Amino acid sequence: MKKVLLYIFGYTFSAVIILMVCAVPVFGVYELGKTTWYLTQFEHDTGTVVGCTGKRFKHKSKYAYVVETKNGARITGRWYGSKSHCERQKGKTVAVLINPENKQEGVVNSFMDRWFLPLALLSLPGLFLYGYLKKRKEKYKSAESVSEIE
1 MKKVLLYIFG
11 YTFSAVIILM
21 VCAVPVFGVY
31 ELGKTTWYLT
41 QFEHDTGTVV
51 GCTGKRFKHK
61 SKYAYVVETK
71 NGARITGRWY
81 GSKSHCERQK
91 GKTVAVLINP
101 ENKQEGVVNS
111 FMDRWFLPLA
121 LLSLPGLFLY
131 GYLKKRKEKY
141 KSAESVSEIE
């Protein structure tokens, strides 16, 4: 009975890890597709950072800046950071992408808001693969050197 439970746990754990490893690049491709869609379908514009909005995460608050465009649209950034960083952004001009069909809808066009998440999600599986192949190569070399000694 104990052995069966260990097998079930092992297979379940392996399935969860494989699902997570496969889901990460899929979500990265989705985010990259959204970014490309915004860049091709929305109009490029600029806006001024006019304030900060907070969000509570477990034990602390993080802040994203609020951008106002020339036509009065208020757009909240996607990247949350410290309050002091957000306060320093006030008055700065940032690039935004505005929906041509609804001028009140848009997204901030910065590296952290548009590109960081897709690039991070797409590079993680590559790092795991690199580590796995490096460890496998070392294991193969050590097994080869043992067989030469015999």
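Just so you know, we're using full-length UniProt numbering here: the sequence shown kicks off at 1 and counts up by one.
Where is the CB? At the ideal position from N, CA and C, for every residue including glycine.
Keep in mind that this is a model prediction, so the values were computed, not measured.
Quick check: what's the CA-CA separation for residue i versus residue j?
i: residue 28; j: residue 120; result: 8 Å
i: residue 70; j: residue 48; result: 8 Å
i: residue 126; j: residue 116; result: 16 Å
i: residue 13; j: residue 7; result: 10 Å
i: residue 56; j: residue 132; result: 37 Å
i: residue 84; j: residue 30; result: 32 Å
i: residue 137; j: residue 130; result: 10 Å
i: residue 34; j: residue 114; result: 9 Å
i: residue 11; j: residue 140; result: 26 Å
i: residue 46; j: residue 16; result: 43 Å
i: residue 99; j: residue 68; result: 14 Å
i: residue 19; j: residue 26; result: 11 Å
i: residue 134; j: residue 122; result: 19 Å
i: residue 44; j: residue 88; result: 24 Å
For the beta strand (DSSP E) containing residue i, list its first residue and its last residue.
i: residue 64; result: 60 to 69
i: residue 74; result: 74 to 76
i: residue 106; result: 106 to 108
Can you look up residue i in the DSSP assignment and give me helix, strand or coil?
i: residue 43; result: strand
i: residue 55; result: strand
Is residue i near residue j, with beta carbons less than 8 Å apart?
i: residue 95; j: residue 79; result: no
i: residue 66; j: residue 54; result: no
i: residue 128; j: residue 21; result: yes
i: residue 73; j: residue 103; result: yes
i: residue 77; j: residue 62; result: no
What is the C-beta distance between residue i and residue j, in whole angstroms, given that I count them as a contact (C-beta under 8 Å)?
i: residue 97; j: residue 42; result: 4 Å
i: residue 118; j: residue 5; result: Not a contact, Cβ separation roughly 40 Å.
i: residue 75; j: residue 108; result: 6 Å
Just reading off the alpha helix (DSSP H) that residue i is part of, what are its end residues?
i: residue 90; result: Counting along the chain, residue 90 falls outside any alpha helix (DSSP H), and DSSP gives it neither H nor E.
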